[in-house]
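Which chain is which? The protein sequence lines are A, B, C and D, in order. Read in numbering that gives the first Met the number 0, the first sequence has 279 at position 280, and its numbers run on one by one without any break. Read in numbering that gives the first Met the number 0, the second sequence has 158 at position 159, and its numbers run on one by one without any break. Read in numbering that gives the first Met the number 0, the third sequence has 141 at position 142, and its numbers run on one by one without any break. Read in numbering that gives the first Met the number 0, the fourth sequence has 249 at position 250, and its numbers run on one by one without any break. Each residue gets a CB set at the ideal place from its N, CA and C atoms; glycine is no exception. Down below is the structure, laid out as structure tokens.
Number of protein chains: 4
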Amino acid sequence: MAGSKFAYVRNFELPDPLLPGTFMVLRIDGHAFHRLSEEHNFMKPNDERALQLMDHAARDVMNEFKDIVLAFGESDEYSFLFRRSASLYNRREAKILTTVTSLFTSSYVFNWSKYLSDTPLKYCPSFDGRIVLYPSPSVVRDYFSWRQADTHINNLYNTVFWALVLQGGQTTTEAHATLRGTVSSQKHEILFSRFGINYNELPARFRKGSVLVREEVSDAVETGDAPQADQAISTPTGEPASVSDKKAQKKPRVRTTVELYHFDIIGDEFWDGHSNILADS
Amino acid sequence: MAGSKFAYVRNFELPDPLLPGTFMVLRIDGHAFHRLSEEHNFMKPNDERALQLMDHAARDVMNEFKDIVLAFGESDEYSFLFRRSASLYNRREAKILTTVTSLFTSSYVFNWSKYLSDTPLKYCPSFDGRIVLYPSPSVVRDYFSWRQADTHINNLYNTVFWALVLQGGQTTTEAHATLRGTVSSQKHEILFSRFGINYNELPARFRKGSVLVREEVSDAVETGDAPQADQAISTPTGEPASVSDKKAQKKPRVRTTVELYHFDIIGDEFWDGHSNILADS
Amino acid sequence: MAGSKFAYVRNFELPDPLLPGTFMVLRIDGHAFHRLSEEHNFMKPNDERALQLMDHAARDVMNEFKDIVLAFGESDEYSFLFRRSASLYNRREAKILTTVTSLFTSSYVFNWSKYLSDTPLKYCPSFDGRIVLYPSPSVVRDYFSWRQADTHINNLYNTVFWALVLQGGQTTTEAHATLRGTVSSQKHEILFSRFGINYNELPARFRKGSVLVREEVSDAVETGDAPQADQAISTPTGEPASVSDKKAQKKPRVRTTVELYHFDIIGDEFWDGHSNILADS
Amino acid sequence: MAGSKFAYVRNFELPDPLLPGTFMVLRIDGHAFHRLSEEHNFMKPNDERALQLMDHAARDVMNEFKDIVLAFGESDEYSFLFRRSASLYNRREAKILTTVTSLFTSSYVFNWSKYLSDTPLKYCPSFDGRIVLYPSPSVVRDYFSWRQADTHINNLYNTVFWALVLQGGQTTTEAHATLRGTVSSQKHEILFSRFGINYNELPARFRKGSVLVREEVSDAVETGDAPQADQAISTPTGEPASVSDKKAQKKPRVRTTVELYHFDIIGDEFWDGHSNILADS
């Protein structure tokens, strides 16, 4: 890139390293997805195909970036947690942020037709992203609790709202009015008494969001035993080494797959069973 | 996004405004495009279809972000210049950086099949991006001169290199050896004497890169006169207003189209003819 | 600083370079100077001795940092302008910011007794500082206009206020009430009609603040001609070279002194006569 | 500060909050103290009066900023640790950095004559400062271990060096040559065999540096019992409330004093006995 008298302009490129020893959380959000869902007739309140497409894109990101140890998705957003000691791209913020956001976007467009096969993509969807640093394991847990609590709050509201509209015949304005000021238990009651819906029996995907975790694979699993996660496709990293795992390849590697779950991550059980996620290295 | 005791984690999201009164240049680069071009059999030294796809993605970005007044592309990179007074997203760095990089990526994947119709995309291409601030018009000009000089240097080298390999029968190692230490005039000479190629007669797209500029449209043009740019598709902004141009819509708007050129932007002529690009507002 | 297994902690020291090609303005403000002025019986509305002490500290800063081309002071604050191409300490923000703020503070305490000889300093005064980047000459001028306009507004208010209190016998509450809602001309009128004070005849120091400029010295001046500035002490830089001017010493140096003025810097005259201040290098 | 058409220049003042939940360490270093010590005839290898002056300045800083829970000083530097949840000045970096550095400087100059009474200060000493964020208690401990290990390494070298020069009659060049390549045990041996000095019996202040800690005061101490720290002057915070402790004053406050020690802070004992220093709030 050098070689000319103009090359001095590179001096304006300033360094942007992220503080070492902190957990990076990179959150991606759909840009104007309200319109996107309208124009592509996403089902209300949740379109499982669109959510599966998000999960697919997130999985592609995790397969490429080995420093990501956990991801959580809901609606049109996905959060990725990098292990504390991650040193990819020397922790340069713009490089990490854009490469991950770009790959996620690419996968979303690339795989659209696999999930919404009868709904051609009409225009280019896009996402924004940000990196937030969290200095301690406890605040990382609170971050993911915040997102899963948000999933619950939004999904309960949306479920009742669309039941009122689609089954109850209310306008959207009326449905909002019906829900104004109601607390959680009242929303459950409306769902059950008017529509015979037991909220807690709705699919866990909608109520809990999507959790992607890197799990070690034993030989038994590789030779065909049934895995527990709902999407059992193991994804060995057969692709050429990316920047982020060159080191890892030097030592014999434990095979891992990225598994998808829809369970609680607010309580201790998940974290106790995956203590490596918040470990120091 | 609020509503729970965990919402305090938002306090860790720090502001990242870019210095006002400066020109932002956002440069996007292909991630691992050497491999991408190999796996999809891009033509050497230049694949016009792949370059046109880059131009298409850049045009989509400019149609969405009205604050971008100039773009320059070569190979697998594209640089976007925002007008000095741009205030989109309150100049928040991560928001601007990721939204633009994501839209570019999305368009690249979305439109791939239009340009490389007989070469199905095998996996997800991705890009990285960065924003660099330039405080004065003169250094902005030097930035774009730097990129166009780079285009020239790389293209001359690659043109001779691939002539030696594809027509001259050299191995790639031999071709690099042949070129080692040669200056520009020697490369011209090799091209001409051995392969009968006059470098200066090669397509301007390869020698000069791609320049995208927003040009005002007179009524005559709208009703069918032939425009001068090589890709004459006018692109009125018929899409719903994006964040970046809500203000603009309030006043009667001069219609503009984004035009593509392959000409010199190092000399004064281009800038004299487009003085609005470096204007203060 | 190395030599132990703990030295890795230096990795947490992140770079903080300031954008090249911009004008740095470093503004220092007195910390809790309301109390300081009370406890040391500063005269109201202005204590010339205290202002002279501020000027002295600012001059010491300019004599040490040759990249500073202009300073403006009023009340308990001082702003320093660095030339656009300043590269001291590789433009590291914290280094520049703290070294200048520290030297200013040091000089203020060190020289206190020269100006307030009969008022011993009772405790440690301190200052805060910040650096703001301005990308163009015109906004730099607006910055200094902002400060001088502020000087005028504050001084006019304070002059009438303290006349009402000290000569007019009002309480401070009454004086604020008298001034509430008054415009500039009314304040002038109160001063003149009640106290016989023509505001425009008050010392320029109080009305215009202090302007420190580096002026070239001709030989004639050195051998004894009367300079025009109100504080004529020439201050050749006889001290050992500081970091900031090591380069300058290699070439024959034009002798300069830092001169103090109390004149208008909002209009063009000052800037036309000192065009080097906003020059590119 | 508003009130004029120029006030827009404030828009160039960008926010600079420090990441919450991290430990700030603010380190102050003497600027050109080699020259300062020469010009004021500091004793070699250590001038106890100058070190006491540093301690005094650091104590003044701790008395003003209640969020500082630990300070460590050696030679011409001092490091201040803020408690993890410190929120002074909304964690604005420049404000914290400059106010502390300025107060330290002010105290150093203000109190000079108390410690170096027969050596008038010839010119203005100054300091630079920086803030480094550490995300976890363990790395904070490693930071302070790094500084105390540095104290030991430097002091051992300097002690032997100056013994060779002042008592052994070597030139400084010869003394450096004598020490080149020697390890710690050899330096101890030189000191003992040639000069009869048992390094471990030298004053702890020189070997361990200065540790300032906020200790709770029991009534017994207040009424006159002998405290254990070597500088027994209790420093109740009788001064008007500073910004940093306005909140604290609302609840009944445990009286604390800042105590000075010269003991080991690398091992566990100190930290076990002062667990509040690294606590979360």
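Just reading off the alpha helix (DSSP H) that C/Val8 is part of, what are its end residues?
Taken as a continuous stretch (DSSP letters only), C/Val8 belongs to no alpha helix (DSSP H), as it is neither H nor E.
With D/Gln147 and D/Ile67 assumed to form a contact (beta carbons below 8 Å), what rounded beta-carbon distance in angstroms separates them?
Wrong, their Cβ atoms sit about 18 Å apart, outside the cutoff.
Cα separation between C/Cys123 and C/Phe109?
Cα to Cα, C/Cys123 sits roughly 11 Å from C/Phe109.
If C/Asp75 and C/Gly29 are in contact, beta carbons under 8 Å, what's the gap, nearest whole angstrom?
3 Å between Cβ atoms; contact.
Between A/Val138 and chain D, is the shortest Cβ-Cβ distance under 8 Å, so that the two count as touching?
At least one chain D Cβ lies under 8 Å of A/Val138.
Output yes if chain A places a C-beta closer than 8 Å to the C-beta of B/Lys186; else output no.
So no, B/Lys186 is outside the interface.
Starting from C/His33, follow the alpha helix (DSSP H) in both directions and report where the run begins and ends.
Segment Phe32 to Glu38, the alpha helix (DSSP H) holding C/His33.
May I have the straight-line CA-CA distance separating D/Leu69 from A/Asn45, to the nearest angstrom?
Spanning the two alpha carbons is a distance of roughly 53 Å.
Going by C-alpha to C-alpha distance, which of B/Leu201, B/Leu211 and B/Thr150 sits closest to B/Lys65?
Comparing Cα positions, the closest option is B/Leu211.
Shortest alpha-carbon distance to D/Phe262 belongs to which of D/Ile276, D/Val164 and D/Ser144?
Per the Cα distances, D/Ser144.
What residues are listed by DSSP as bridge partners for C/Ile27?
Answer is C/Tyr77 and C/Gly128, bridged to C/Ile27.
What is the DSSP secondary structure of A/Arg146, reduced to helix, strand or coil?
The answer is helix: DSSP assigns A/Arg146 an H, G or I state.
For B/Arg206, return the contacting residues in chain A, with the cut-off set at a CB-CB distance below 8 Å.
What B/Arg206 touches in chain A: nothing, since even the nearest Cβ is about 15 Å away.
Let me see if you follow: with CB-CB separation under 8 Å, is B/Trp145 close to chain A or not?
It does; some Cβ of chain A falls within 8 Å.
Give the interface partners of C/Lys94 over in chain D, defined as CB-CB distance under 7 Å, in chain order.
Those are Asp127, listed as they occur along chain D.
Taking the beta carbon of A/Met42 as the centre, do at least 16 other beta carbons fall within 10 Å, making it buried, or is it exposed?
Label assigned to A/Met42: exposed.
Are any of the Cβ atoms in chain D nearer than 8 Å to that of C/Glu12?
Cβ-Cβ to chain D under 8 Å: yes for C/Glu12.
Ordered along the chain, which non-local residues of its own chain (more than five positions away) have a Cβ less than 8 Å from that of B/Val8?
Correct list: empty, nothing qualifies.
Just how far apart, CA to CA, sit D/His39 and D/Ser106?
Each residue's Cα considered, the two are about 18 Å apart.
So, helix, strand or coil for C/Tyr122, using DSSP?
Reduced to three states, the DSSP call for C/Tyr122 is coil.
Any beta-carbon of chain A closer than 8 Å to the one on D/Ser78?
Not one chain A Cβ lies under 8 Å of D/Ser78.
Once you ignore the five residues that flank B/Thr177 on each side, which residues in its own chain have a CB closer than 7 Å to its CB?
The residues are Leu163 and Gln169.
What does the Cβ neighbour count give for D/Val159, buried or exposed, with the cut at 16 atoms within 10 Å?
That one is buried.
Would the beta-carbon of C/Val24 fall within 8 Å of that of C/Leu80?
Against a cut-off of 8 Å, the Cβ pair of C/Leu80 and C/Val24 comes out as a contact.
Quick check on the burial criterion: 16 or more other C-beta atoms within 10 angstroms. Buried or exposed for B/Glu63?
When all chains shown are included, B/Glu63 counts as buried.
Using 8 Å as the Cβ pair cut-off and three pairs as the minimum, do the segment 129 to 141 of chain B and the segment 126 to 145 of chain A touch?
The answer is no - the segment 126 to 145 of chain A does not touch the segment 129 to 141 of chain B, with fewer than three Cβ pairs under 8 Å.
Going by the CB atoms, is the gap between A/Phe11 and C/Leu18 shorter than 8 Å?
Yes.
Report whether the distance from the Cβ of C/Trp270 to the nearest heavy atom of the ligand SAM is below 7 Å.
In terms of ligand content, the structure shown is empty, and the ligand SAM therefore cannot be addressed.
Do we get a CB-CB distance below 8 Å when we pair B/Leu18 with the residues of chain D?
So yes, B/Leu18 belongs to the interface.
Applying a beta-carbon distance threshold of less than 8 Å, which residues of chain A neighbour D/Ser135?
What D/Ser135 touches in chain A: Gly20, Pro134 and Ser135.
Does B/Pro136 come out as helix, strand or coil in the three-state DSSP assignment?
Residue state, collapsed to three classes: helix.
Under 8 Å, do A/Arg204 and A/Glu47 count as touching if we go by C-beta distance?
Their beta carbons are under 8 Å apart, which means A/Arg204 touches A/Glu47 by this criterion.
Would A/Glu215 be called buried (16 or more neighbouring beta carbons within 10 Å of its own) or exposed?
So A/Glu215 ends up on the exposed side.
What does a CB cutoff of less than 7 Å around C/Val253 pick up in its chain, not counting 5 residues either side in sequence?
Excluding sequence neighbours, C/Val253 sits near Glu215.
Out of B/Pro16, B/Thr255, B/Glu73 and B/Ser184, which has the shortest C-alpha to C-alpha gap to B/Asn94?
Looking at the sequence shown, residue 94 of chain B is not Asn but Lys. Checked all of B/Pro16, B/Thr255, B/Glu73 and B/Ser184; the closest Cα to B/Lys94 is B/Pro16.
From what residue to what residue does the alpha helix (DSSP H) around B/Leu211 run?
From DSSP, B/Leu211 is part of no alpha helix (DSSP H) but of the beta strand (DSSP E) over Ser209 to Glu215.
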